[in-house]
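Comments concern the structure below.
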Amino acid sequence: MSITKIELNSYSKLIEFFKFNGQIINELKKSGCKDYKVTGNWNLKVWYTMTLWESENEINTFYRNGIHVEAMKQSKKISSKIQFKRMNQVDLISWKNGKKLFENN
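Going by the working numbering, the sequence shown opens with residue 129, and the numbers climb by one from there.
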């Protein structure tokens, strides 16, 4: 499982974030991803994504190909703070527990 926290540089980056995020979700639906979810904080400047995969190899293959690669190249324009965590899980965890993973960073 992979969890990503993205803090947008400004509200003006929301449209660009939504564009890439929508394209990435479309690719996730066609990939070997077992499950995924996305949520934002109330202020719309902090976003979280969570994906569940069979293996670390599948995660790496997805992240290094397609629209995700392009999104990563453009990410510095959107956010100066992107963090991620990887965990061995059989199911997605709750957002409450997922967000706690980033509290001390």
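Ideal Cβ placement from N, Cα and C applies to all residues, glycine included.
Are residue i and residue j close, meaning C-beta to C-beta below 7 Å?
i	j	result
LEU220	LEU180	yes
THR132	PHE190	no
ARG192	SER130	no
GLY160	GLU186	yes
Pull up the DSSP beta-bridge partners for residue i, would you.
i	result
LYS213	ILE131
ASP163	LEU180
VAL174	GLU135
SER207	LEU136
GLY168	TRP175
So what does DSSP say about residue i, is it helix, strand or coil?
i	result
SER222	coil
PHE230	coil
ASN193	coil
Compute the minimum distance between the beta carbon of residue i and the heavy atoms of the ligand MN, and state whether it is under 6 Å.
i	result
GLU184	Among the components modelled here there is no ligand, and therefore nothing to report on the ligand MN.
Since residue i and residue j are thought to touch, with beta carbons under 8 Å apart, how far apart are those beta carbons, to the nearest angstrom?
i	j	result
GLU135	VAL174	5 Å
Requested in this report: Decide yes or no for the touch test of the region 197–212 against the region 132–149: beta carbon pairs closer than 8 Å, at least 3 of them.
Outcome: A contact exists between the region 197–212 and the region 132–149.
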